[in-house]
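Single-structure report; data block below.
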Amino acid sequence: MGEIKDNDAYEEELLDYEEEDEKALDSVHAKGAESAKKGYVGIHSSGFRDFLLKPELLRAIVDSGFEHPSEVQHECIPQAILGMDVICQAKSGMGKTAVFVLSTLQQIEPVSGQVAALILCHTRELAYQVCHSLEN
């Protein structure tokens, strides 16, 4: 029985060690998640200048008071500027309209007296919003 007692004490020590080890791993994972979140914010702190937009578009963006692109803009504008099809989904007010307005204006070369782009909208409200964005 002496051996069983020694084994029980040994197992208790191991269990304590494992619990401490798990706590340490949990704190490491929590710190890693925090740093990952912090790094994610840093990625999106770039400006509209990083998209290499036309100077007149950059001026219009600055004049409108925007400094940094939203997450949806950061993800979609580079592909849209290259002419790729983009499907994006975001809450209202997150900059989806700006994605296709900026990418359309970046790609077209306006010719006086000619239609350069045709934008179709499924609601009157969206058409008004897009028209207002293009005018500004």
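The numbers in the sequence shown follow full-length UniProt numbering, run straight up by one, and end at 136. Ideal placement from N, C-alpha and C gives every residue a C-beta, glycine not left out. Note that the coordinates shown come from a computational prediction; the quantities given were computed from them, not determined experimentally.
1. With a cut-off of 8 Å on the beta carbons, I'd call Val-72 and Ala-80 a contact; round off their distance for me.
2. For Ala-127, which residues in the same chain have their Cβ closer than 7 Å to its Cβ, ignoring the five residues on either side in sequence?
3. Would you give the residue range spanned by the alpha helix (DSSP H) that Val-111 belongs to?
4. Using the C-alpha atoms, what's the distance from Gly-113 back to Gly-93?
5. Would you tell me roughly how many angstroms separate the C-alpha atoms of Phe-66 and His-74, rounded to the nearest one?
6. Checking 7 Å against the spacing of the C-beta atoms, do Ser-133 and Val-101 come in under that value?
7. Identify, in the order they occur along the chain, each residue of the same chain with its Cβ nearer than 6 Å to the Cβ of Ile-108, setting aside the five sequence neighbours on each side.
8. Taking C-beta to C-beta, are Leu-52 and Leu-105 nearer than 7 Å?
9. If the criterion is Cβ atoms closer than 7 Å, does the pair residue 137 and Ile-77 meet it?
10. Could you work out which residue in Ala-90, Lys-96, Ser-103 is closest to Met-84 when comparing CA atoms only?
11. Just reading off the alpha helix (DSSP H) that Glu-75 is part of, what are its end residues?
Judging by the given coordinates:
1. The Cβ separation is near 11 Å, so there is no contact.
2. Cys-121
3. Note, Val-111: premise wrong, no alpha helix (DSSP H); not H, not E.
4. 33 Å
5. 13 Å
6. yes
7. Ala-116, Ala-117
8. no
9. Residue 137 lies beyond the stretch modelled for the chain, which goes from 1 to 136, so this question has no answer here.
10. Ser-103
11. 71-81
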